[in-house]
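J.: Residue numbers for the sequence shown follow our numbering, so the first one is 897 and each next one is one higher. Note that beta-carbon positions come from the ideal geometry of N, C-alpha and C, so glycine has one too.
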Amino acid sequence: ESMLRYHHGGSNEAFEGKTIIGAGVGFFGGIHSLVSLYTSAGYSISGPPTISIYSERGLSTHWGVGIIFNYSSATVTSTPFNGGGYTDISSGQYINPYKYTNKYTFTGMGFGITGAYHFVVSPKFDPYIGAALGYTSIDFKATTDDPNYGNPQDLNLYLTFSAGGILYGAFFGTRAYFS
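(1) Within the continuous beta strand (DSSP E) that includes F965, where are the two ends?
(2) Could you tell me the distance, in whole angstroms, from the CA atom of L900 to the CA atom of A919?
(3) Can you check which of these residues, L955, F1007 and G943, is closest to I916 by C-alpha distance?
(4) In whole angstroms, what separates the C-alpha of G1026 from that of F965?
(5) From G988 to K999, what does the alpha carbon distance come to, in whole angstroms?
(6) Identify, in the order they occur along the chain, each residue of the same chain with its Cβ nearer than 6 Å to the Cβ of L1055, setting aside the five sequence neighbours on each side.
(7) Need the endpoints of the beta strand (DSSP E) that P1023 sits in, please.
(8) Between which residues of its own chain and S974 is the CB-CB distance below 6 Å, once the five residues before and five after are set aside?
(9) For T1001, collect the residues of the same chain with a Cβ closer than 6 Å to its Cβ; drop the 5 residues on either side in sequence, then sort them by chain order.
(10) For G1008, which of G913, P944, I941 and Y950 has the nearest alpha-carbon?
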């Protein structure tokens, strides 16, 4: 996942003992890469990019450890056209054609610890590589207003789930100090 980050801090000089706190916005990864498979099938996708909040403490000139929290959400929507029509259950009237909306909502969160190696190119330019390990979870919920489905709430009973597992990954980036 590509990440744009903002952090508070003046320069990379004497990184040891300093704590950096920041926030990031991720693109091209996480839940959005998963749901992007739906775009080829004519579905629309909406939702914010991945948001991250992190903190890193310098253990030495080159090594830092930290914590990170990520949040991501996306909704996939389809509005199929069914020319077959349907019979309204309450009135008994046949209605043709009809449209309905299916929504699939994915929400993910993760938190973990990080370790990073900083190359210390200059006091104002800080490229780094690192790894993260922690816990991640994803929630999924499907809803529909399809009148032929019966009670639309029934769909939620069968197509709602949560799962969690180990978060792991590698990252790279750079910090530029402007003050």
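T.: Judging by the given coordinates:
(1) It spans W959 to S974 - the beta strand (DSSP E) in which F965 sits, taken as one unbroken run.
(2) With a pLDDT of 46 at L900, under the threshold of 50, the predicted position of this residue should be treated as unreliable, though the coordinate-derived value follows. So the alpha carbons of these two residues sit roughly 8 Å apart.
(3) Per the Cα distances, L955.
(4) 15 Å
(5) 27 Å
(6) A1038
(7) F1021 to T1040 is the span of the beta strand (DSSP E), which, as asked, contains P1023.
(8) Y939 and N998
(9) T971 and K1037
(10) Proximity to G1008 across G913, P944, I941 and Y950 peaks at Y950, based on C-alpha coordinates.
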